[in-house]
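Asks: After the structure tokens below, expect a handful of questions from me.
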Amino acid sequence: MSTTSAPAASRAVLLLGVIITAASAVALALILGLYFADAEPHPGLYFTALWGFPLGFTLMVVHLLESMRRRRRRAATS
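Residue numbers for the sequence shown, in our numbering: 14 to 91.
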């Protein structure tokens, strides 16, 4: 992987993680709103909330670890 595409790929991982986590938060808010309105939420909302949070946070941690690795390599060569 070239050095010019690494930050772009890392940024894409971060953006994807944030979008997935935000969608999960919206799904959770909808589930809670429907629960208080005595309505039955769609099973897809449960799937999004239950799997989206861990996946989104995992992608954000991958971005963090990749940034740390890149910074250490840059500091070692300087």
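For each residue, glycine too, the CB sits at the ideal point set by N, CA and C. Being a predicted model, the structure only gives us computed values, none of them experimental.
Within the chosen definition, does the stretch 53-60 reach the stretch 76-87 through at least 3 CB pairs nearer than 8 Å?
Replies: no
Asks: Could you tell me which uninterrupted beta strand (DSSP E) segments, each at least 3 residues in length, are contained entirely in the stretch 15-52, listed from first to last along the chain?
Replies: Those beta strand (DSSP E) runs which fall completely within the stretch 15-52 and span 3+ residues do not exist here.
Asks: Rounded C-beta distance between Gly69 and Ser37? I'm assuming under 8 Å.
Replies: Within the sequence shown, the letter at position 56 stands for residue 69. Within the sequence shown, the letter at position 24 stands for residue 37. With a Cβ gap of about 6 Å, Gly69 and Ser37 count as contacting.
Asks: Which residue's Cα is closest to the Cα of Ala21: Leu45, His76 and Ala88?
Replies: In the sequence shown, residue 21 corresponds to position 8, counting from 1. The option with the nearest alpha carbon to Ala21 is His76.
Asks: On the DSSP letters alone, give me the boundaries of the alpha helix (DSSP H) that Ser91 sits inside.
Replies: As a first step, residue 91 must be located in the sequence shown, where it is residue number 78. Element bounds for Ser91: n/a, residue is neither H nor E.
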